[in-house]
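Remarks on the structure that follows.
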């Protein structure tokens, strides 16, 4: 494993990273928080995090690990492409990923604390929404940047770019109007499933090019 190539590790990261993050995200949303809780209302979410502290912490760690692995894959994909637009986009992706990691850390802190930690939920929610906006914008730019490469299916890339635009719009709307946050979060989750499927496809192609 010590001599694994950059492309091979990048391809594996594109396959494994988003799957890990997605699995732990859905466990957190449906196994810890529950589908009926409104993420905009801290009094509905915080007690569930505290009641399922161990699972909430494990899922926060799992999401973080998955996002970092995915980031490695995206960075390598952009490096291989070498275009300016995706190079700019990956900077936004990095910042968005860091924000999500911080938000996950705060979520774990809330789960392991007492009732007074509920004041942290607003900070976690705000960081999460802004990170979603920044990450979606960066991913949109990265997808458009690499779409012209001969090893990328341009038509599929444009579809993914459209999904990234939807993700960006829903993140902005959810951040502005908290009353829509639950619906926007659901749509954002669907968008991430599309990103995951495309990432797996790109990862397999990157492994084949190694």
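Residue numbers (the working numbering): 459 to 668. Here a beta-carbon is modelled for each residue, glycine too, at the ideal position from N, C-alpha and C.
Short Cβ contact (9 Å threshold) for residue i with residue j
i: residue 475; j: residue 589; result: no
i: residue 487; j: residue 513; result: no
i: residue 534; j: residue 610; result: no
i: residue 583; j: residue 551; result: no
i: residue 599; j: residue 547; result: yes
i: residue 603; j: residue 545; result: yes
i: residue 617; j: residue 659; result: no
i: residue 481; j: residue 526; result: no
i: residue 626; j: residue 591; result: yes
i: residue 531; j: residue 633; result: no
Cα-Cα separation, residue i to residue j
i: residue 678; j: residue 601; result: An answer regarding residue 678 cannot be provided, because it is not within the stretch 459 to 668 covered by the chain.
i: residue 492; j: residue 508; result: 13 Å
i: residue 586; j: residue 504; result: 15 Å
i: residue 621; j: residue 570; result: 35 Å
i: residue 540; j: residue 663; result: 17 Å
i: residue 537; j: residue 502; result: 43 Å
i: residue 643; j: residue 473; result: 23 Å
i: residue 596; j: residue 494; result: 31 Å
i: residue 506; j: residue 497; result: 11 Å
i: residue 631; j: residue 665; result: 37 Å
i: residue 669; j: residue 553; result: Because the chain is modelled from 459 through 668, residue 669 falls outside the range shown and cannot be assessed.
i: residue 612; j: residue 619; result: 10 Å
i: residue 479; j: residue 651; result: 11 Å
i: residue 477; j: residue 655; result: 9 Å
i: residue 484; j: residue 649; result: 13 Å
i: residue 500; j: residue 557; result: 19 Å
i: residue 462; j: residue 635; result: 46 Å
i: residue 568; j: residue 639; result: 20 Å
i: residue 608; j: residue 549; result: 24 Å
Whole-Å CB distance - residue i paired with residue j, under 8 Å assumed
i: residue 593; j: residue 555; result: 7 Å
i: residue 523; j: residue 510; result: So it is not a contact: roughly 19 Å between Cβ atoms.
i: residue 629; j: residue 647; result: The Cβ separation is near 12 Å, so there is no contact.
Residue i beta carbon near the ligand FMN (any heavy atom closer than 8 Å)
i: residue 551; result: In the structure on display, the ligand FMN does not appear, and there are no ligands present to speak of.
Taking contact to mean at least 3 C-beta pairs separated by less than 8 Å, is the region 557–570 in contact with the region 579–589? yes
Counting Cβ pairs, one atom from each stretch, are 3 or more of them under 8 Å apart for the region 507–522 and the region 462–472? no
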